[in-house]
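Residue numbers (the working numbering): 29 to 178. A virtual CB, placed ideally from N, CA and C, is assigned to each residue, including glycine. The structure presented is a predicted model; accordingly, all values stated were derived computationally and were not measured. Beneath this line is the structure, given in structure tokens, with notes to follow.
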């Protein structure tokens with residue numbers, strides 16, 4: 029299993045950043061343009077346990093998988109969202125987003141992703157995996173949130 033954790037300061041209010049992670053498909057696509065569909069399959073009152081069917085475009089191929097909400101916290105000064113899914117029956121992935129309000133115009137964003145191969149031969153791919161995708165995602169969230177804050 030590979031695990032990456034990175035954080036970044038964003039010059040935008042916590043609610044503005046949160047909408048990109050826990051909002052509509054349109055908001056989500058601003059930071060994850062490859063997501064083409066995100067529809068509810070099962071919604072729970074406490075959010076944890078909710079499942080969404082998500083479609084993701086990689087080149088000409090569209091991959092479909094179910095995303096389960098594993099952890100959820102929505103408080104004024106702290107927000108958490110952890111989701112898990114299996115990609116192409118090869119990787120079990122969790123993504124954990126944590127936001128902390130630093131002040132009215134600044135938010136700390138920590139992103140942790142784990143990638144566990146579900147087949148023995150896929151472990152080789154993870155040997156070459158880097159944190160580049162994680163860093164690029166953080167930068168995209170920062171850029172989109174700060175552009176909305178102008």
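Fewer than three Cβ pairs drawn from the segment 160–172 and the segment 69–78 lie within less than 8 Å of each other, which leaves the two stretches out of contact. Cβ contact annotation for residue 107 (same chain, cutoff 7 Å, sequence separation greater than five): 42, 46, 101 and 127, in chain order. Beta-bridge analysis with DSSP links residue 143 to 30 and 121. At the C-beta level, residue 95 and residue 84 stay beyond 8 Å of one another. For residue 42, the enclosing alpha helix (DSSP H) begins and ends at 42–49. In this structure, DSSP gives residue 164 a helical state, which the three-state scheme calls helix. For residue 140, same chain residues with a beta-carbon under 6 Å away, outside a window of 5 residues either side, are 33 and 124 in chain order.
Listed as beta-bridge partners of residue 127 by DSSP are 107 and 137.
Between residue 90 and residue 137, the C-beta spacing is not below 8 Å. In terms of Cβ geometry, residue 48 and residue 150 do not form a close pair [threshold 8 Å]. Shown here for residue 132: same chain residues with a beta carbon closer than 8 Å to its own, the five before and five after excluded, namely 41 in chain order.
In this chain, the beta strand (DSSP E) harbouring residue 99 covers 89–102. By the criterion of a C-beta distance shorter than 7 Å, residue 146 is surrounded in its chain by 114, 117, 118, 119 and 120, once the five residues flanking it on both sides are discounted.
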